[in-house]
Amino acid sequence: MPIVLQTWDLRPRLQPFAASRLSARIIEGRREAGGGILILMRDHSKLCAFELADQLTVLVYTHSRDFPRSEQFGLTSQRRRVAVCVPSNIVEGRARDSLADYIRFLDIAYGSARELEYQISPAHRLTFLSDDSHSTLRSKANMQGS
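Count the sequence shown with this note's numbering and you get residues 19 to 164, in order.
See the structure below:
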């Protein structure tokens with residue numbers, strides 16, 4: 019019985035598809051699925067999830083410029099690292115040959131997006147982020163991981 023994989027916002031905007039094995043090999047962007055051929059784009063830059071993650075990363079860097087110097091190796095560094103992890107894992111997963119690896123990297127990216135969403139909250143409560151910056155980052159992070 020084939021396993022049906024559903025997409026969510028962080029995953030690419032593909033129709034749900036059936037795969038006989040999660041470890042099916044992707045060769046030159048094509049994978050046989052139940053006798054048919056599923057074409058997977060290997061170009062990460064065309065994924066909505068990558069575009070959102072990239073925008074979120076730029077926003078995090080921009081909004082953390084005014085954080086106190088004492089937070090340079092604390093919340094500032096942690097938020098920037100996790101923000102870069104989201105698109106980086108999407109890119110790395112996209113470059114993998116197996117569907118299982120691709121999904122695993124998307125799950126890691128999703129976890130990083132959730133982590134970043136949390137880190138926005140204490141930055142706001144500590145008054146490192148203005149109300150406007152907080153709402154901007156929060157809405158972008160919610161679009162990324164919902």
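The beta carbon of each residue, even a glycine, is placed where N, CA and C say it ideally should be.
With contacts defined as CB atoms closer than 8 angstroms, Ala101 and Leu70 fail to qualify as a contacting pair.
The continuous alpha helix (DSSP H) containing Phe68 extends over residues 66–81. Beta bridge pairing from DSSP links Ser157 with no other residue. Put simply, the stretch 117–125 does not touch the stretch 141–152. Fewer than three CB pairs are less than 8 angstroms apart.
In this structure the stretch 125–143 touches the stretch 91–101; the number of beta carbon pairs closer than 8 angstroms is three or more. Within the same chain, His152 come within 7 angstroms of His142 by CB-CB distance, once the 5 residues on both sides are set aside.
Taking 8 angstroms as the upper bound for CB-CB distance, Val78 and Leu155 are in contact here, some 7 angstroms apart. By the neighbour-count criterion, in which a residue is buried when 16 or more other Cβ atoms sit within 10 angstroms of its Cβ, Lys64 is exposed.
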